[in-house]
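This report refers to the structure that appears directly beneath it.
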Amino acid sequence: MGHFLLQRLFHGLTVVLGVSLLVFIAVELAPGDAVDAMMPPESASSEQAKEQMRERLGLNDPAPLRYVQWLGRVARVDLGYSLTSRQPVVDMVMTKVPSTLQLVGFALAMSVIIGVGTGILAAVKQYTWIDYLTTFMSFFWLSVPGFFLGLGMIYIFAVRLNWFPSFGASTAGANYPLFDRLHHLVLPGLTLALELAAALTRYTRASVLEVLHMDYLRTARAKGLTNRRVLTAHALRNALIPIVTVTAVRIPYLVGGAVIIETVFQWPGLGTLMLNASTQKDYPVVMGLALIITILVVASSFIADVAYSLIDPRIRVQ
Amino acid sequence: MSAATAAAPQGNATLPGELSKRGQAGFWKRLFRHRMALVGFIFLCFIILAAFLAPVVSPYDPEAMQLTEARKPPSLQHPLGTDKLGRDTLTRVFVGGRVSILVALSAVAISTIIGTMLGLIAGYVGGWTDAIISRVTDIFMSFPLFVLLIMMVAMVGPSLLNVVLVLGFFGWMVLTRVVRSQVLMVMNEPYIEAARAAGASHLQILFRQVLPNSFVPIVVTATIGVANAMLSEAALSFLGLGVQPPTPSWGNMLNAAQSLQVLVNEPWVWIGPGAAIALTVLSINFVGDGLQDALDPHAGQ
C-alpha cells in the first residue's frame, strides 16, 4: 500500500509540474508584451523605460531560466501580483477557494448518491422500463450543456416557482446563515452534479451487473441467502470498489464544469475569478489559478487513491 | 462504453434455463438501442440539412438588424421570435448550427490525426517512447481541461479559428489511449507475425495491418469526440471566449441569456439554441453507441 501511494504521489507531482510548464509556455506565447500591461498608459512612452523595466523584471533572461525562477517563487508561495487590482495573487485565489470547495463538494456528494443509487436500481431491474428509463436519462444528462441546464433551473425554480435564489452564495443579514447557504447551494450544486451522476449511473449499472454474474454470488445464493442479503453483503461491496476510481477520474471534469456553473449562478468562487482574469488578460492571476486548481484536483485524486487502497484489500497486500 | 462492458458478461453467465428469456430480452434491448441510434441519425440528417439550407429557405438574413422587429415573441412570421436586434431566432439557430457543427468537425479532425499518430507510435514503438507519451497523456487527463481551454483561448484571443485550433490540439488524449491499447492488442495477432515473416516493413505493418484493425474504436471515439467538442465550443462561446458575434453559434446565442431581462422575459431567444445543442449532442451520443454495437463484432455476442 505504501508503494502504491508513493507512486500516486509521484504521479501527482508530475501533473503539477507538467501543468506549470504548460501554463508558462502559454503565457510566453501570448501576444503582447508583459511590460505594456504593467506600465500606466501615460508613462508607457519611451522604449528606454520599457527596456529598463524588462531588465529589472528579468524578462530578458532566457525562457528556461525564467521558468526555473518562477517555479522557485511558486515554491515560496509567491504567485506575484494581479495586473489589474495589484493585490497578491495568493490572497485573491485563497479567499475564493472555500466557496468553490463547497460547491464542488456538494455536487460530488449529490452525484454519488444519485448516480450510484439509480445505477444499482437499473442493474437490479435489468431489462425493465426502469432500466430503459435510467439509460435514456443518463444519456440525456450527459448531453445537456451544464450552462443551459443552469439557465433552465434558474428560469423554472428561481424565476417562475421562486423556490430558490437565482444567484450568489448567500444573502447578507440572513436570519439562518447555514440554511441560507444551503438554500443557495441547491440549484448550482444540482446542475453541476447531474452530469457526473449520469456517468456514475452507467458505470455502476455495468459494474453491478458484472458482479451479479460471478461464481461467488451463485455460491452465496446456493447457501440460501436472501436476495437482499446477497446484494448488500456480497454484490455491492465488490461492485462499488471500481466506482471509487471512476469518481476520482471524473473529478477534473467536475471542477472544469464548476467554472462555467459558477458563471451562470454568479457564484463567488475560483471559476468566476478565472473568467474575469482571463478576459482581462491578467496573466499572473490566470497562472496562479491554473496552478491552485490543479493542486486541488491532484490532492482530491490522491485522497480518492487513499480511500481506494483502504477499501480494496488487493492493494493493501502489495 | 459501459454498455459494451455490461453486455459482455451477460452472454457468458447465462444459465441454460434462462437462455430463451434472456435472449429475447437482449433482442429487445438491442432493438431499443439501435432504434435510438436510428432516431438520432435521422435527427442529425435533419439538423445538418436545415443548417446548410437555411440561407436558401429562410427569408431572413441571420445578421441583419431590424430594430422595429426587436424582442418579438414567437409568431407565424418568426416561429422562435426575434432577439434584441430584431434578428429572426430560428434562422440564427440553423445558421448557428452550421458554425457549431463545422467547428466541432474540424477540431475533431485535428485531434483524431494527432491522437491516432501518438497512439500508433506509443503502442508500436513501446519502451521509453511509450512511457513518455503515456505519461504526457496522463498529465493532460489529470486536470480540468476546460480550465486550460479558457486560459488558452484568452491568451491567443477568442476567434472561430482559435477555438478550432485549441479544441483540436487539446482533444487527442482519449483517442491516444484507445489507439495505443488497440495496437497492443492487435500486435499479438498471428497475422502481424505473418506479415512480419513475409518481410513487411514497419510502416507497412502499421498502415496496412494495425491501423485498419483499429478502425472501429477510432470511429467510435471520434464520434463521441464531436459531441464533446460541440459542448466545449458552446461553453466557450457562451462565456464570450469562443465564436464572436455577429456570427451566430449555438453557444454565443445563449450568451444573451446572461442578461436577466432576456432570461426571464424572452425565453424563446435562448431555449431554441440550447435545445438544439442538447438534442444534437444526444443524437451523436446515441449514434456513437449504436456504431459501437454495429461495428464491433465482439460486442453483443
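From first to last, the protein sequence lines are chains A and B. At position 235 of the first sequence (counting the first as 1) the number is 1075 in the numbering used here, and the numbers step up by one without a gap. At position 259 of the second sequence (counting the first as 1) the number is 268 in the numbering used here, and the numbers step up by one without a gap. Heads up, the beta-carbon is just placed ideally off N, CA and C, and yes, glycines get one too. Keep in mind the model is a prediction, meaning the values are calculated, not measured.
For F152(B), the nearest CB of chain A lies under 7 Å from its own CB, placing it at the interface with that chain. If you compare the alpha carbons of V296(B), E198(B), P276(B) and G106(B) with that of L58(B), the shortest gap goes to G106(B). Excluding its 5 nearest sequence neighbours in each direction, D1145(A) has C-beta neighbours in its own chain below 6 Å: R848, listed in chain order. The Cβ of V290(B) sits closer than 7 Å to at least one Cβ of chain A. Of the other Cβ atoms in all chains shown, fewer than 16 fall within 10 Å of the Cβ of T77(B); this residue is therefore exposed.
Against chain A, the CB of F55(B) has no partner CB under 7 Å away; the residue lies outside that interface.
Around the Cβ of G912(A), a 10 Å sphere holds fewer than 16 other Cβ atoms; the residue is exposed. Note on the region 139-227 of chain B: whole alpha helix (DSSP H) runs with a minimum of 4 residues are 154-165, 169-178, 182-195 and 199-206, in chain order. Annotated as proximal: V219(B) and V195(B), with beta-carbon spacing under 7 Å. Residue contact check for I227(B) against chain A: no CB pair falls below 7 Å. At least 7 Å separates the beta-carbon of E275(B) from that of R101(B).
About 4 Å separates the Cβ atoms of A116(B) and L176(B), confirming a contact at the 8 Å cut-off.
Taking S1006(A) as the centre and dropping the five residues before and after it, the same chain places the C-beta of I994, A998 and V999 closer than 7 Å to its C-beta, in chain order. Taking all protein chains shown into account, P902(A) has fewer than 16 neighbouring C-beta atoms within 10 Å of its C-beta and is therefore exposed. Residues of the region 984-1000 of chain A that bring their beta carbon within less than 8 Å of a beta carbon in chain B comprise V984, P985, G986, F987, F988, L991, G992, I994, Y995 and V999, in sequence order. Pairwise C-beta distances place the region 196-212 of chain B out of contact with the region 148-165 of chain B, as fewer than three of them are shorter than 8 Å. Contact between G260(B) and S246(B) holds: CB atoms are separated by about 3 Å, below the 8 Å threshold. By a beta-carbon distance limit of 8 Å, L982(A) contacts A1039(A). Their separation comes to about 7 Å. If you check each beta-carbon in the region 276-300 of chain B against every beta-carbon of chain A, the ones closer than 7 Å belong to P276, W279, G283, I286, A287, V290, L291, N294 and F295. Under the Cβ distance rule, S939(A) does not count among the residues neighbouring chain B, no pair being separated by less than 7 Å. M932(A) does not reach chain B, its nearest Cβ partner there being about 16 Å away, counting only Cβ pairs nearer than 8 Å. At a cut-off of 7 Å between beta-carbon atoms, L169(B) makes no contact with chain A. The distance from the Cβ of A73(B) to that of R44(B) is about 41 Å, inconsistent with a contact at the 8 Å cut-off. The beta carbon of V856(A) is closer than 7 Å to those of T1134, I1135 and V1138 in its chain, skipping five residues each way along the sequence. Any Cβ of chain A closer than 7 Å to the Cβ of L240(B) would place that residue at the interface, and such an atom is present. Going by C-alpha positions, T940(A) is about 14 Å away from L1115(A). In the same chain as V271(B), and ignoring 5 residues on each side of it, the C-beta atoms closer than 6 Å to its own belong to A265 and V278, in chain order.
In the DSSP assignment, V108(B) falls within the unbroken alpha helix (DSSP H) covering T98 to V134. Within the region 223-268 of chain B, the complete alpha helix (DSSP H) runs of at least 4 residues fall at 224-247 and 259-263. For M74(B), there is no enclosing alpha helix (DSSP H), as DSSP gives it neither H nor E.
The region 125-138 of chain B and the region 162-176 of chain B do not touch, with fewer than 3 CB-CB distances between them shorter than 8 Å. Contact between the region 958-976 of chain A and the region 1042-1054 of chain A is present: 3 or more CB-CB pairs across the two stretches fall below 8 Å. For the 7 Å CB-CB criterion, T924(A) and D1152(A) do not form a contact. Rounded to the nearest angstrom, the gap between the Cα atoms of F216(B) and P254(B) is 43 Å. At a C-beta separation below 7 Å, D92(B) has no neighbours in chain A, since its nearest C-beta there lies roughly 15 Å away. Residue environment analysis places Q75(B) among the exposed positions, since fewer than 16 neighbouring C-beta atoms fall within 10 angstroms of its C-beta.
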